[in-house]
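Trainee: Could you have a look at this structure, given as structure tokens, before my questions?
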Amino acid sequence: MSAVEQLDTYGAWLVRWLRTVLRERGTELTISGLALRFRELQRDIDHLEIEAPAATPRVWSPADMLERIGRAVASAWDQFIAFIGMVGALSLSLLAAVRHPRSFRWISAAHQLDRVGWRGVPIILLITFLIGGIISQQGFFHFRKFGADEYVVDMVGILVLREIGVLIVAIMVAGRSGSSYTAELGSMKMREEIDALRTMGLDPVQILILPRALALVVALPLLTFVGSVAALYGAGLVAWLYGGMSPDIFIARLKEAISLTHFKVGMIKAPFMALAIGVVAAVEGLKVKGSAESLGRQTTTSVVKSIFLVIVFDGLFAVFFASIGM
Numbered sequence: 020m021s022a023v024e025q026l027d028t029y030g031a032w033l034v035r036w037l038r039t040v041l042r043e044r045g046t047e048l049t050i051s052g053l054a055l056r057f058r059e060l061q062r063d064i065d066h067l068e069i070e071a072p073a074a075t076p077r078v079w080s081p082a083d084m085l086e087r088i089g090r091a092v093a094s095a096w097d098q099f100i101a102f103i104g105m106v107g108a109l110s111l112s113l114l115a116a117v118r119h120p121r122s123f124r125w126i127s128a129a130h131q132l133d134r135v136g137w138r139g140v141p142i143i144l145l146i147t148f149l150i151g152g153i154i155s156q157q158g159f160f161h162f163r164k165f166g167a168d169e170y171v172v173d174m175v176g177i178l179v180l181r182e183i184g185v186l187i188v189a190i191m192v193a194g195r196s197g198s199s200y201t202a203e204l205g206s207m208k209m210r211e212e213i214d215a216l217r218t219m220g221l222d223p224v225q226i227l228i229l230p231r232a233l234a235l236v237v238a239l240p241l242l243t244f245v246g247s248v249a250a251l252y253g254a255g256l257v258a259w260l261y262g263g264m265s266p267d268i269f270i271a272r273l274k275e276a277i278s279l280t281h282f283k284v285g286m287i288k289a290p291f292m293a294l295a296i297g298v299v300a301a302v303e304g305l306k307v308k309g310s311a312e313s314l315g316r317q318t319t320t321s322v323v324k325s326i327f328l329v330i331v332f333d334g335l336f337a338v339f340f341a342s343i344g345m
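Number 345 marks the last residue of the sequence shown (the numbering used here); no jumps.
If you want it as structure tokens, here you go:
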């Protein structure tokens, strides 16, 4: 090794590893010609004893399970408190905007409404149209075995107006706009823009979150209406092409099957689902720390929680409307 001009710790470890490998194969490596200034380093590395920590298998006990359950319950409670706190903050900001309309950011709200509503129409139309067509096709495929083709229209109409329309639209808005809101607020949190607003005496909830939440509350019912119409149109098209039911018969049967009550049930759900999506997006966005990993984690959490709450709200409303006869 007389040609070696520089040797650091990594190089010394490499030499030791090479000697160990060759020794295991029955060959002894002898170092010669190494400069005096490197010999002490190599000697220290060669004589360094490193023992791998013994792997001790973890034994699970009932106490560990109780600890996990306790932590999960405490985390769920903290998330519930944060959700309620954000609802309260939004309510106070809304009251302040009602008392002082000039303080409300109308341009920001209009911009967010354009993003959530108008720009979301194409994808909503496409997905709901396909969903309506799929439900219709499956209905004809299975109901035809019992000679009940005409009841497919009843099923599609009631299902779309009461459940599927608002549910599909809310899930898509949660994935499209809810994730966007969380990422935007999280990015502002990372760059300390929200702290700067507080330093200037401005309320981040009123400036950033309220316009976004109101845009969701206004846009989601409109998108639900558009999506329901598209789903019914897709169902009618499939009924004509696949089921052999003419559009006139489909429309006539649809008028008999559905009523204004079915439409109102779906539309009443929409604002509450929109509020849940907006609140979750805001809460998770404000939890972002200073790393990109945190931003990605909270964005994913926001989408998952929003979809979960949308489904929970849908189930609660279904039970409520059934109990009052709607």
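We put the beta carbon where it would ideally sit given N, CA and C, even for glycine.
Quick caveat, the model's predicted, so the values are computed rather than measured.
Can you tell me which of Thr46, Gly255, Ile343 puts its alpha carbon nearest to the alpha carbon of Gly152?
Mentor: The residue with the shortest Cα to Cα distance from Gly152 is Gly255.
Trainee: Report the residue from Ala311, Gly246, Met292, Asp27 whose alpha carbon sits nearest the alpha carbon of Ile143.
Mentor: The candidate whose alpha carbon is nearest that of Ile143 is Gly246.
Trainee: Does the Cβ-Cβ distance between Leu235 and Val135 come in under 8 Å?
Mentor: Cβ atoms of Leu235 and Val135: closer than 8 Å.
Trainee: Could you name each continuous alpha helix (DSSP H) segment of 4 residues or more that falls completely within the region 241–300, going from the start of the chain to the end?
Mentor: Within the region 241–300, the complete alpha helix (DSSP H) runs of at least 4 residues are 266–276.
Trainee: Could you check where the alpha helix (DSSP H) with Lys208 kicks off and where it finishes?
Mentor: Taken as a continuous stretch (DSSP letters only), the alpha helix (DSSP H) holding Lys208 covers 198–209.
Trainee: Classify Thr201: buried if its beta carbon has 16 or more other beta carbons within 10 angstroms, exposed otherwise.
Mentor: Classification for Thr201: buried.
Trainee: Does Pro240 have its Cβ less than 8 Å from a Cβ in chain C?
Mentor: The question asks about chain C, but that chain is absent: this structure has only one protein chain.
Trainee: Here's a check: name, in chain order, each residue in its chain whose Cβ is nearer than 6 Å to the Cβ of Ala176, leaving out the five neighbours to either side.
Mentor: Sequence check: residue 176 is Gly here, not Ala. Leu273, Ala276, Ile277.
Trainee: So, at 7 Å on beta carbons, what are the nonlocal neighbours of Ala128 in its own chain, with the 5 sequence-adjacent residues on each side left out?
Mentor: Contacts found: Pro230, Leu233, Ala234.
Trainee: What do you get for Ala91, buried or exposed, if any count of 16 or more other CB atoms within 10 angstroms of its CB means buried?
Mentor: So Ala91 counts as exposed.
Trainee: Okay, do the region 178–193 and the region 303–317 touch, 3+ Cβ pairs below 8 Å being the bar?
Mentor: As far as the Cβ criterion goes, the region 178–193 does not touch the region 303–317, which means the pair count is below three.
Trainee: Should Glu303 be labelled buried (16 or more other beta-carbon atoms within 10 Å of its own) or exposed?
Mentor: Under this definition Glu303 is a buried residue.
Trainee: What is the C-beta distance between Phe148 and Ala249, in whole angstroms, given that I count them as a contact (C-beta under 8 Å)?
Mentor: At roughly 4 Å, the Cβ-Cβ gap stays under 8 Å, so Phe148 and Ala249 are in contact.
Trainee: Using the three-state DSSP reduction, which class does Trp79 fall into: helix, strand or coil?
Mentor: Coil, per DSSP.
Trainee: Please classify Met292: is it buried, with 16 or more other beta-carbons within 10 angstroms of its beta-carbon, or exposed?
Mentor: Buried, by the Cβ-count rule.
Trainee: Rounded to the nearest angstrom, how far is the Cβ of Val192 from that of Leu242, given a contact under 8 Å?
Mentor: 7 Å between Cβ atoms; contact.
Trainee: Please list, in chain order, all residues of the same chain as Arg195 whose beta carbon is under 7 Å from its beta carbon, the five residues on each side excluded.
Mentor: Correct list, in chain order: Gly139.
Trainee: Please classify Gln25: is it buried, with 16 or more other beta-carbons within 10 angstroms of its beta-carbon, or exposed?
Mentor: Exposed, by the Cβ-count rule.
Trainee: Using the beta-carbon count (16 or more within 10 Å), is Ser155 buried or exposed?
Mentor: Buried: at least 16 other Cβ atoms inside 10 Å.
Trainee: Buried or exposed: where does Val331 fall if 16 or more other Cβ atoms within 10 Å of its Cβ makes it buried?
Mentor: Val331 should be labelled exposed.
Trainee: Taking the alpha-carbon positions, what's the Ala300 to Ser198 distance?
Mentor: Spanning the two alpha carbons is a distance of roughly 7 Å.
Trainee: Since Leu314 contacts Met207 with CB under 8 Å, what's their CB separation in whole angstroms?
Mentor: No, Leu314 and Met207 are not in contact; Cβ-Cβ is about 11 Å, not under 8 Å.
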